[in-house]
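There are 2 protein chains.
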Amino acid sequence: MIQLFHSHRRAFSSIAAEAELGPSQLQLLMSIKPERAAPMSELADALYCDASYITSLVDKLEARGLLERRPSPGDRRVKLIALTPEGEAMRAQLMQRVFQPPSSIAALSEADRNALRDILTRALADAPAA
Amino acid sequence: MIQLFHSHRRAFSSIAAEAELGPSQLQLLMSIKPERAAPMSELADALYCDASYITSLVDKLEARGLLERRPSPGDRRVKLIALTPEGEAMRAQLMQRVFQPPSSIAALSEADRNALRDILTRALADAPAA
DNA sequence: TATTGTTATACTCTATAACTATA
DNA sequence: TATAGTTATAGAGTATAACAATA
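Which chain is which? The protein sequence lines are B and D, in order.
The opening position of the first sequence corresponds to residue 231 in the working numbering, with each subsequent residue numbered one higher.
The opening position of the second sequence corresponds to residue 231 in the working numbering, with each subsequent residue numbered one higher.
Here's what the structure looks like:
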């Protein structure tokens with residue numbers, strides 16, 4: 231399984247690089263749901279990083295027109311991060327590639343793939359925090 | 231499966247941090263088999279990084295007494311990297327932790343774990359390069 | 001002339017600390 | 001007084017380029 235992890239990490243980095251994004255920028259882009267703008271503090275939690283780093287990531291992605299800062303109606307300290315239409319399109323395209331199963335998994339029989347899905351679903355359902 | 235990847239990556243980083251190693255230093259330590267000293271160029275290939283970076287990683291691990299540079303009998307340009315006894319002990323201990331299955335997998339039934347092992351074995355046997 | 005490893009250096013990633021505005 | 005985000009800055013991680021020794 232660790233072999234799969236390594237190949238996934240390399241694939242993730244290379245998908246990001248082809249889009250001229252750093253891996254963290256890609257991760258941030260994927261963390262923003264199109265239907266719900268998120269406060270920056272929430273994004274820092276999602277990426278397990280400092281808030282100041284979110285500022286710099288958002289700066290870069292905003293400069294490229296992929297997302298934008300919006301005021302929060304309830305609290306004027308908060309800024310909500312929302313995808314632009316371009317950001318939404320790029321996110322969808324990149325996520326499709328990130329979630330594509332690696333060739334080793336795709337080459338399995340349908341029965342194996344289904345069994346794999348079921349086992350992993352059970353694993354994560356029983357221990358959601360792991 | 232990607233959720234598992236993320237949790238593994240965090241676990242890997244924290245195992246390295248507890249041993250006061252960077253993640254790449256841990257990866258390098260794991261790449262050196264106790265029974266076979268490896269040339270630095272080979273380690274650069276294994277870590278997908280530049281040779282000059284291997285130099286700096288080896289410097290740090292050598293300073294901690296975990297490995298050592300040895301001349302290569304056949305080619306005097308080459309240096310072979312070998313684990314010291316301390317390095318071998320630390321490697322064994324850390325690898326045991328790295329390969330420990332996450333709790334979500336450990337909590338599965340024995341039948342599920344066996345099925346998972348068999349499926350992944352098939353996947354990697356059929357497509358070794360992926 | 002090509003290759004292994006090293007050195008010097010620069011660039012990217014990420015966190016810490018001090019700050020501003022708002023609560 | 002405490003919190004959300006920003007700015008300035010410092011540190012780690014990693015690559016590139018020039019170099020020395022050997023092939």
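We put the CB at the ideal spot given by N, CA and C, even for glycine.
Treat the numbers as computed from the prediction; the structure is a model and nothing was measured.
Spatially closest choice to D:R327 from D:M260, D:Q233, D:F235 and D:L234, by CA coordinates
One-based indexing of the second sequence puts residue 327 of chain D at position 97. D:R327 has its Cα closest to that of D:M260, out of D:M260, D:Q233, D:F235 and D:L234.
ask   = Taking just the CA atoms, how far does D:A268 sit from D:D305?
value = By 1-based counting over the second sequence, the position of residue 305 of chain D is 75. By 1-based counting over the second sequence, the position of residue 268 of chain D is 38. For D:D305 and D:A268, the distance between alpha carbons rounds to 13 angstroms.
Query raised in the report: Between D:A353 and chain B, is there a C-beta pair that is closer than 8 angstroms?
Result: Residue numbering aside, residue 353 of chain D sits at position 123 when the second sequence is read from its first letter. Among the residues facing chain B, D:A353 is included, as its CB has a counterpart in that chain under 8 angstroms away.
- [ ] Have a look at D:K290, D:A276, D:L297 and D:R347 and flag the residue whose alpha-carbon is nearest the alpha-carbon of D:M320.
- [x] One-based indexing of the second sequence puts residue 320 of chain D at position 90. With distances taken between Cα atoms, D:M320 lies closest to D:L297.
| request: At 8 angstroms on the CB atoms, spell out the chain B contacts of D:I262, in chain order. | output: Here the question's residue 262 of chain D lines up with position 32 in the second sequence. Correct list: empty, because the minimum Cβ distance to chain B is about 17 angstroms.
Next on the checklist: Tell me the residue span of the beta strand (DSSP E) that contains B:R300.
Outcome noted: What you label residue 300 of chain B is simply residue 70 of the first sequence in a count that begins at 1. It spans L297 to P301 - the beta strand (DSSP E) in which B:R300 sits, taken as one unbroken run.
(message) Our contact map puts B:R343 next to B:I349 with C-beta atoms below 8 angstroms; I'd like the distance itself, whole angstroms only.
(response) Within the first sequence, the letter at position 113 stands for residue 343 of chain B. Within the first sequence, the letter at position 119 stands for residue 349 of chain B. Actually they are not in contact, since the Cβ atoms of B:R343 and B:I349 sit about 11 angstroms apart, beyond 8 angstroms.
Give the residues from the stretch 266-282 of chain D that approach chain B closer than 9 angstroms (Cβ to any Cβ), ordered along the chain. When CB distances to chain B are screened at a threshold of 9 angstroms, the residues of the stretch 266-282 of chain D falling below it are Y278, in chain order.
Report task. Report the residues of the stretch 321-338 of chain D with a CB closer than 9 angstroms to any CB of chain B, ordered along the chain. Result -> Going along the stretch 321-338 of chain D in chain order, one finds V328, F329, P331, P332, S333, S334, I335, A336, A337 and L338 with a Cβ nearer than 9 angstroms to chain B.
My parser needs the beta strand (DSSP E) runs of 3 or more residues fully inside the stretch 280-333 of chain B; what are they? Entirely contained in the stretch 280-333 of chain B, the beta strand (DSSP E) runs reaching 3 residues are, in chain order, 297-301 and 309-313.
query: Beta-carbon of B:R240 versus every beta-carbon of chain D: anything under 8 angstroms?
result: As a working mapping, residue 240 of chain B is identified with position 10 in the first sequence. So, interface residue.
| query | In chain B, which residues lie less than 8 angstroms from D:Q233 when you measure between Cβ atoms? | reply | Counted from its first residue, the second sequence places residue 233 of chain D at position 3. Taking a Cβ-Cβ cut-off of 8 angstroms, the neighbours of D:Q233 in chain B comprise L354, given in sequence order.
Do B:L338 and D:A341 count as a contact pair if the criterion is CB distance below 8 angstroms?
Mapped onto the second sequence, residue 341 of chain D falls at position 111. Mapped onto the first sequence, residue 338 of chain B falls at position 108. Not a contact, by the Cβ cut-off of 8 angstroms.
**Contacting residues, own chain, Cβ-Cβ under 6 angstroms from B:V308 (five flanking each side not counted)** = Within the first sequence, numbered from 1, the residue matching residue 308 of chain B stands at position 78. Excluding residues within five positions, the ones whose Cβ falls inside 6 angstroms are P269 and S302.
Short Cβ contact (8 angstroms threshold) for B:L291 with B:Q255: Counting from 1 along the first sequence, the entry for residue 291 of chain B is found at position 61. Counting from 1 along the first sequence, the entry for residue 255 of chain B is found at position 25. B:L291 places its beta carbon less than 8 angstroms from that of B:Q255.
- Message: At the 8 angstroms Cβ level, is B:A345 part of the contact set with chain D, yes or no?
- Response: Stepping through the first sequence from its first residue, residue 345 of chain B is reached at position 115. At least one chain D Cβ lies under 8 angstroms of B:A345.
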